[in-house]
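Protein chains in written order, with my numbering: chain A, 4 to 273; chain B, 13 to 231; chain C, 5 to 229. For every residue, glycine included, the Cβ atom is placed at its ideal position computed from N, Cα and C. Below is one structure, written out as structure tokens; comments come after it.
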């Protein structure tokens with residue numbers, strides 16, 4: 004369980020990225036922070052592994068304040084995947100996956116074995132092991148990033164817009180892959196995105212953030228769609244212009260689902 | 013050719029001292045410039061100072077620099093130390109700029125992700141920043157090595173034995189073969205050192221050719 | 005530190021500031037060699053560099069040959085040409101021109117290469133001819149790097165012209181350095197060295213000002229396009 008207790012962050016320029024933020028992130032679920040740029044979502048994410056230090060309040064993992072932990076050890080114990088993967092360009096794919104194991108002093112042979120295993124887990128051809136990151140496609144690089152984050156079998160996985168820089172088709176693939184992995188592994192995932200569709204697809208709990216890290220609404224995707232807390236949320240999730248309003252039209256005895264512009268999007272079953 | 017045959021010991025002696033006088037300042041300059049460049053990349057104010065001081069130092073003409081050192085640090089006028097010091101100063105001046113650019117060329121996203129993976133400060137500097145700055149450092153080292161080899165021969169005018177002596181003696185005795193030998197050896201030495209650096213680069217930075225392409229693609 | 009004070013005496017001795025062997029005349033000679041060298045080298049290197057940068061042809065050859073030229077010891081070329089032509093001013097110019105070509109050539113082609121291909125593409129798309137693309141787009145945008153090439157070429161020539169008196173004939177500020185060394189007159193050596201250093205710093209400063217001015221123009225140009 005990750006818990007934010009009245010957390011605030013004011014950067015040296017004096018602007019408050021986050022103020023008085025409270026949230027509980029249950030274990031073994033996916034929580035998605037979603038909001039436009041400048042809403043403090045990445046700042047909140049990076050407080051979990053002390054890449055950012057809060058200026059007030061506390062962040063706790065399983066009731067232990069992260070501020071009491073050595074930042075370097077803390078980071079080695081938490082998986083982190085970022086946009087454009089952040090792979091080390093001077094190391095092979097296999098070495099990239101095994102980075103943290105080597106940092107923890109695991110032997111070369113053992114690192115190699117577990118890294119290859121992880122490559123398979125995330126759906127990477129192990130023939131790519133000796134390539135350098137720049138020789139891979141964007142989607143493959145992201146998979147390496149995910150493998151690297153999972154190689155130590157951490158309880159927590161932080162993902163900062165991991166699929167933001169790949170094309171839509173690859174993105175769909177990676178999202179499906181993440182859902183599959185999460186069904187198998189049951190990690191505590193904290194995911195940051197600006198894409199509400201991605202948030203609803205992946206999140207068990209979705210946190211919609213307004214400017215300055217204000218919680219606009221927290222809930223399951225269904226909760227939020229059923230009862231948007233205010234006009235900001237209504238507009239952010241696309242309920243205001245009828246974007247998510249579907250209705251059913253009868254066509255030759257089949258119930259066809261049609262969106263607000265009159266385009267058919269599917270059929271209603273059962 | 014007969015002249016070369018009769019003077020191999022002399023030529024080899026000059027060559028050996030030329031190699032020595034070229035390598036020492038290049039290596040010293042490289043080692044001194046690394047921390048300076050790293051620091052300059054961290055602190056913009058330091059970078060400004062390093063770049064402008066480096067520029068002024070590099071602007072000082074070499075022969076004048078070599079000849080003025082005895083007056084400044086009290087060495088003898090014909091002391092080889094003058095050349096070593098002057099060429100080391102040039103090497104640092106050039107190399108610090110390359111080192112600073114090299115560390116600046118490391119993608120902030122890569123550094124961020126390395127930090128998030130749990131690299132400590134020293135591990136980050138030595139195992140991530142230093143190798144990633146490698147291609148730019150190598151480019152700088154190649155510039156420094158070629159120019160140092162060529163500058164050493166100027167030192168012959170200040171009475172220090174090296175291949176440049178073949179020019180000063182050759183023009184004095186009217187010996188074209190001697191001068192030609194000197195030119196060929198100086199150029200060959202510069203090219204051999206450059207080749208060694210390229211080979212070392214290939215071995216140490218096998219990832220770099222493609223990495224540069226990717227960076228170009230992003231920009 | 006008597007060398008320092010003796011050198012100061014040499015520098016401030018009014019006898020050293022007049023006549024054909026005086027500091028002003030030697031400085032003028034030094035600048036004449038430099039100017040003539042840069043002019044000749046530019047006539048050779050700039051058109052070549054622009055051609056390479058504009059067309060992208062012979063780039064590998066240019067990089068390799070400038071590299072080899074940079075390795076060429078100027079002192080060796082000077083003594084070799086002097087010995088074989090007997091015309092020592094020619095020898096000086098040949099040696100210095102060979103020294104000045106690499107930075108000028110590199111400044112020209114690197115300058116053109118630094119221009120954003122999208123800008124060149126846009127210029128061609130609006131209907132500019134090759135010449136118009138070169139003169140109205142590429143050269144103005146490459147100007148700071150072109151000036152940079154002139155800056156390093158000029159400074160290298162000023163520095164290296166000091167070795168010209170190694171062959172009989174040429175003057176310039178090197179006369180103080182080499183002539184002083186030959187007779188063990190160290191105050192003259194150090195005094196001459198100081199003059200050369202000051203000259204180099206002043207010329208470098210002038211180039212820095214020109215580069216600053218042209219860079220500002222480059223930054224504002226894309227906004228207008």
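Query, Result
"Bridge partner(s) assigned by DSSP for residue 222/A", "209/A"
"Host beta strand (DSSP E) of residue 161/A (start-end)", "159 to 163"
"Residues of its chain near residue 88/B, where Cβ-Cβ distance is below 6 Å and the 5 sequence neighbours each way are ignored", "none"
"Status (buried if at least 16 other CB within 10 Å, exposed otherwise) for residue 237/C", "In the structure displayed, chain C extends from 5 to 229; residue 237/C sits before or after that span and is not available."
"8 Å contact criterion, which residue 168/A and residue 83/A should meet: CB distance rounded", "No, residue 168/A and residue 83/A are not in contact; Cβ-Cβ is about 16 Å, not under 8 Å."
"Chain B contact for residue 103/A (CB, 8 Å cutoff)", "yes"
"The stretch 169 to 188 of chain C touching the stretch 141 to 161 of chain C, judged by at least three CB pairs closer than 8 Å", "no"
"Neighbour flag for residue 127/B against chain A, beta carbons, 8 Å", "yes"
"Chain-ordered residues of the stretch 143 to 166 of chain B with a beta carbon less than 8 Å from chain A", "143, 144 and 146"
"Nearest residue (CA-CA) to residue 218/A, options 80/A, 250/A, 38/A and 266/A", "38/A"
"Spatial distance of residue 216/C from residue 98/C (CA atoms)", "32 Å"
"Backbone CA spacing between residue 121/C and residue 139/C [nearest angstrom]", "15 Å"
"Residues near residue 227/C by beta carbon distance below 7 Å, same chain, minus five either side", "Reliability fails at residue 227/C, whose pLDDT of 32 lies under 50, so the model's placement of it is uncertain and the value that follows must be treated cautiously. If we look at residue 227/C and ignore the five residues flanking it on each side, it has no Cβ neighbours."
"Per-residue DSSP class, three states only, for residue 248/A", "coil"
"Three-pair Cβ contact test at 8 Å for the stretch 119 to 126 of chain B versus the stretch 84 to 98 of chain A", "yes"
"Cα-Cα separation, residue 197/A to residue 21/A", "17 Å"
"Residues in the stretch 203 to 229 of chain A having any Cβ partner in chain B nearer than 7 Å", "none"
"Near-chain B residues of the stretch 84 to 106 of chain C (beta-carbon distance less than 7 Å), N- to C-terminal order", "84, 86, 87 and 88"
"Cβ pair residue 106/B, residue 70/B closer than 8 Å", "yes"
"Cα-Cα separation between residue 76/B and residue 163/B, rounded to whole angstroms", "12 Å"
"Where residue 44/A sits in the DSSP three-state scheme", "helix"
"Residues sharing a beta bridge with residue 269/A, DSSP", "260/A"
"Alpha helix (DSSP H) segments (min. 4 residues) lying fully within the stretch 72 to 141 of chain A", "74 to 79, 96 to 100, 102 to 106 and 111 to 124"
"Where the beta strand (DSSP E) containing residue 22/A begins and where it ends", "19 to 28"
"Candidates 202/C, 115/C and 128/C: closest to residue 57/C by CA position", "115/C"
"Proximity test, Cβ basis, 8 Å: residue 169/B and chain C", "yes"
"Cβ-Cβ distance between residue 131/B and residue 118/B below 8 Å", "no"
"Residue 10/A beta carbon less than 8 Å from that of residue 60/A", "yes"
"Interface partners of residue 106/A on chain B, CB under 9 Å", "129, 130, 131, 132 and 135"
"DSSP three-state assignment for residue 130/C, whether helix, strand or coil", "coil"
"Contact list for the stretch 62 to 79 of chain C against chain B, Cβ threshold 9 Å", "71, 72, 74, 75, 76, 77, 78 and 79"
"Option in 165/B, 148/B and 192/B with minimal Cα separation from residue 30/B", "165/B"
"Test item: CB-CB of residue 239/A and residue 224/A under 8 Å", "no"
"Delimiting residues of the alpha helix (DSSP H) encompassing residue 187/A", "171 to 188"
"Minimum Cβ-Cβ distance from residue 113/B to chain A less than 8 Å", "no"
"Min CB distance residue 121/B to chain A below 8 Å", "yes"
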